[in-house]
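*Asks:* Take the sequence shown: its position 337, counted from the start at 1, is 356 in the numbering used here, and no numbers get skipped. No residue lacks a Cβ here, since even glycine has one placed at the ideal position from N, Cα and C. Can you keep this structure in mind? I'll have questions shortly.
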Amino acid sequence: MRWLKNLFKKTKVGQINKPKEKQIVSFDKISDFLEEETKEKKAEFDSKIKEFRSLFIDYLRRLNKEFTELETAKFDRIILEDKRDISNIIKTSRKNYCYNSKKMFVLALDSLQKESDPYQMKSIISELFDRLNKFSRDAQILLNPFQKQMKKISSDLKKLRKELDDFDLFLTGEYSLIQKEKKARELLSKITKYRLDNKQKEDKKKEIDENIEKLKKEIKEQNSKILKIQNSNEAKELRNLEKKQISLERQIENIISDTTYSVNSISRQIREYLYIANKKERAGIKAFLENPEILLGREQRFFEEIAKKVKNNIKKIESNERKRKKFLEIEKRVVLSLNKNKREYKIISDRLRENIRKIKKLKQEITTEKEEQEIAKLREQIQHLEKNKKELESEEVNRKGLLEDLEKILSDISGKEIRTK
Numbered sequence: 020m021r022w023l024k025n026l027f028k029k030t031k032v033g034q035i036n037k038p039k040e041k042q043i044v045s046f047d048k049i050s051d052f053l054e055e056e057t058k059e060k061k062a063e064f065d066s067k068i069k070e071f072r073s074l075f076i077d078y079l080r081r082l083n084k085e086f087t088e089l090e091t092a093k094f095d096r097i098i099l100e101d102k103r104d105i106s107n108i109i110k111t112s113r114k115n116y117c118y119n120s121k122k123m124f125v126l127a128l129d130s131l132q133k134e135s136d137p138y139q140m141k142s143i144i145s146e147l148f149d150r151l152n153k154f155s156r157d158a159q160i161l162l163n164p165f166q167k168q169m170k171k172i173s174s175d176l177k178k179l180r181k182e183l184d185d186f187d188l189f190l191t192g193e194y195s196l197i198q199k200e201k202k203a204r205e206l207l208s209k210i211t212k213y214r215l216d217n218k219q220k221e222d223k224k225k226e227i228d229e230n231i232e233k234l235k236k237e238i239k240e241q242n243s244k245i246l247k248i249q250n251s252n253e254a255k256e257l258r259n260l261e262k263k264q265i266s267l268e269r270q271i272e273n274i275i276s277d278t279t280y281s282v283n284s285i286s287r288q289i290r291e292y293l294y295i296a297n298k299k300e301r302a303g304i305k306a307f308l309e310n311p312e313i314l315l316g317r318e319q320r321f322f323e324e325i326a327k328k329v330k331n332n333i334k335k336i337e338s339n340e341r342k343r344k345k346f347l348e349i350e351k352r353v354v355l356s357l358n359k360n361k362r363e364y365k366i367i368s369d370r371l372r373e374n375i376r377k378i379k380k381l382k383q384e385i386t387t388e389k390e391e392q393e394i395a396k397l398r399e400q401i402q403h404l405e406k407n408k409k410e411l412e413s414e415e416v417n418r419k420g421l422l423e424d425l426e427k428i429l430s431d432i433s434g435k436e437i438r439t440k
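Next comes the structure, spelled out in structure tokens:
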């Protein structure tokens, strides 16, 4: 039974020597370099693959024939010591074993005759051995009555196994050159694509920079328009009117302040009058005491009437003689001051209204709103372009690692230390 032992074991694969010599290859010449380095080898490989395939087909045909011989071989009845006749069991086992094995050979043959890829060829034969292994128990019971046929089958299976191991050594050794070439061309294509992509990105970034400069120039032009408007005679007039408005508003504030001061100077006696005033008078008095500015309008006559009533009732209102005299001294000045303030307030208010009207009109004529909106749009476009540029920069691929991988494969293929430029 030793001829079946270790039938399905595989041999180990050898290694390829490392490159020694140095050579510089231009990047655009790498494809030609690969063609030159592999051309002769490819022809040798094609010949060897055809030879292996022919051998595999021959062995499969031979084994198929041998299993047919096993299936039809005559044998004597087999009776065990306990008088049991197992001839039919042997016959059935042989039939199943031969049928299943021949079916696998036919399928493997059909696949081999159609398949040209060496790795698929190896897969077909390896799968055949794996499946034959599963039938090894069926084979054990057939050994004694069919030793001659089984030895012949076993011998050819070992030879086929040996050819498969040699084929595996060929694929993992010499033929690995083809896989390396394929990998090198994939890397070459990838690096070429990355270079093209990066070239397009650089062109795009350049275009973005040019567009940004154009937009900045347009912003500068819009700012020039704004500056021109701001330096126009109308703008100067507007600025003068705005200064005048500030001056008029301050004069108004001073008049209001003076009026408030005047009212406050006699407010004590007026407040005392509240106790003897009627309901209508009390409401009016409280209003101008809280907001003396209203006296610069139509309430001025009401104030004069109240001041007169307070003067007429001063002895009831004010018990302090000195304070009575003081009130009587300043009451007339307050009324006169209020009349003066009212006249000035009206004049300045009219001037202020006219000034505001002129300012409003000029602002409509010399507005820079259109230019400012255009600048805002241009700046938004610049921000968008700068964002696109950053995205392009973040997408840049590190080609150095890919180039190093390519150089290593080229070195393995040629047996030299290859560097690209």
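Would you call the segment 239-250 and the segment 379-390 touching, i.e. three or more CB-CB distances under 8 angstroms?
*Replies:* Segments in contact, yes.
*Asks:* Quick one: is L355 buried, meaning 16 or more other Cβ sit within 10 Å of its Cβ, or exposed?
*Replies:* It is exposed - the Cβ of L355 has fewer than 16 other Cβ atoms within 10 Å.
*Asks:* Kindly list the residues whose CB is nearer than 7 angstroms to the CB of E256, restricted to its own chain and excluding five residues on each side of it in sequence; keep chain order.
*Replies:* Closer than 7 angstroms at the Cβ level, and outside the excluded window around E256, lie L381.
*Asks:* Distance check for N332 and E350, CA to CA, integer angstroms please.
*Replies:* Straight-line Cα distance between these residues: approximately 13 angstroms.
*Asks:* Helix, strand or coil: how does DSSP classify R441 here?
*Replies:* Nothing in the structure corresponds to residue 441, since the chain is present only between 20 and 440.
*Asks:* Identify, in the order they occur along the chain, each residue of the same chain with its Cβ nearer than 7 angstroms to the Cβ of E40, setting aside the five sequence neighbours on each side.
*Replies:* Once the five neighbours on either side are set aside, the close Cβ partners of E40 are K435, E436.
*Asks:* Quick check: what's the CA-CA separation for F220 versus L411?
*Replies:* First, the amino acid is wrong: residue 220 is Lys here, not Phe. Cα to Cα, K220 sits roughly 6 angstroms from L411.
*Asks:* Starting from R96, trace the alpha helix (DSSP H) in both directions and tell me its first and last residue.
*Replies:* That residue, R96, is in no alpha helix (DSSP H); it is neither H nor E in DSSP.
*Asks:* Express the C-alpha separation of I108 and K121 in angstroms, rounding to a whole number.
*Replies:* Approximately 20 angstroms between the Cα atoms of the pair.
*Asks:* Just the C-alpha distance for K327 and K262, rounded to the nearest angstrom, thanks.
*Replies:* So the two alpha carbons sit approximately 41 angstroms from each other.
*Asks:* Return the chain-ordered list of same chain residues with a C-beta closer than 7 angstroms to the C-beta of F322, the five sequence neighbours on each side being excluded.
*Replies:* Hits under 7 angstroms: F307, L314, L357.
*Asks:* Kindly provide the ranges of any alpha helix (DSSP H) runs that are 4 or more residues long and lie completely inside the segment 160-233, ordered along the chain.
*Replies:* Those alpha helix (DSSP H) runs which fall completely within the segment 160-233 and span 4+ residues are 166-191.
*Asks:* In the DSSP output, what is I437 paired with across the bridge?
*Replies:* Paired residue(s): Q42.
*Asks:* Out of I43, Q288, F64, which one is the CA nearest neighbour of S338?
*Replies:* Closest by alpha carbon: Q288.
*Asks:* In its own chain, which residues sit with a C-beta less than 7 angstroms from the C-beta of E384, not counting the 5 before and 5 after it?
*Replies:* Answer for E384: E253, listed in chain order.
*Asks:* Shortest alpha-carbon distance to D77 belongs to which of V125, Q42, I325?
*Replies:* When only C-alpha atoms are compared, the closest one is V125.
*Asks:* Could you check if S266 is buried or exposed, using at least 16 other CB atoms within 10 Å of its CB as the buried criterion?
*Replies:* S266 comes out exposed.
*Asks:* Is K199 buried or exposed, if buried means 16 or more other CB atoms sit within 10 Å of its CB?
*Replies:* Per the 10 Å Cβ criterion, buried.
*Asks:* Hey, which unbroken runs of the alpha helix (DSSP H) at 4 residues or more fall wholly within the segment 281-368?
*Replies:* Here the runs fully enclosed are 286-292, 298-309, 319-331, 333-336.
*Asks:* Using three-state DSSP, classify E426 as helix, strand or coil.
*Replies:* Three-state DSSP puts E426 in a helix.
*Asks:* Reducing DSSP to helix, strand and coil, say where L421 ends up.
*Replies:* Here L421 sits in helix by DSSP.
*Asks:* Please look up how many angstroms separate the CB atoms of K170 and E85, rounded, as I've assumed it's under 8 angstroms.
*Replies:* The Cβ separation is near 10 angstroms, so there is no contact.
*Asks:* For D104, which residues does DSSP report across the bridge?
*Replies:* Its beta-bridge partners are I98.
*Asks:* Sorted by chain position, which residues of the same chain lie with C-beta nearer than 6 angstroms to E56's C-beta, five sequence neighbours on each side aside?
*Replies:* Answer for E56: I432, S433, listed in chain order.
*Asks:* Just verifying my parser: in three-state terms, what is the DSSP assignment at D136?
*Replies:* It is coil, neither helix nor strand.
*Asks:* Quick one: what does DSSP say T386 is sitting in, helix, strand or coil?
*Replies:* Coil, per DSSP.
*Asks:* Give me, in chain order, the residues of the same chain whose beta-carbon lies closer than 6 angstroms to that of I238; leave out the 5 immediate sequence neighbours on both sides.
*Replies:* Contacts found: I394, L397.
*Asks:* Given a threshold of 16 other Cβ atoms within 10 Å of its Cβ, counted over all protein chains shown, does S45 qualify as buried or as exposed?
*Replies:* Exposed.
*Asks:* With a CB to CB cut of under 6 angstroms and the five nearest residues on each side skipped, what residues in its chain are close to I401?
*Replies:* Contacts found: I231, L234.
*Asks:* Per DSSP, what kind of secondary structure is S66 in: helix, strand or coil?
*Replies:* Helix, per DSSP.
*Asks:* Would you mind sorting S430 into buried or exposed? The rule is 16 or more other CB atoms within 10 Å of its CB.
*Replies:* Classification of S430: buried, given that the 10 Å Cβ count is 16 or more.
*Asks:* Exposed or buried, what is Y280 when buried is set at 16 or more other beta-carbons lying within 10 Å of its beta-carbon?
*Replies:* That one is exposed.
*Asks:* Can you grab the Cα-Cα spacing for the pair Y213 / L404, in whole Å?
*Replies:* Going from the Cα of Y213 to the Cα of L404 covers about 23 angstroms.
*Asks:* So the candidates are I49, K361, D175; which of them puts its Cα closest to the Cα of R317?
*Replies:* It is K361 whose Cα lies nearest to the Cα of R317.
*Asks:* Measure the Cβ-Cβ separation of F64 and E182 and say whether it is below 9 angstroms.
*Replies:* No; because the gap between Cβ atoms is not below 9 angstroms, this pair is not in contact.
*Asks:* Near I105, which residues of its chain fall below 7 angstroms by C-beta distance, leaving aside the five closest residues on each side in sequence?
*Replies:* So the list reads I97, L99, once near-sequence residues are dropped.
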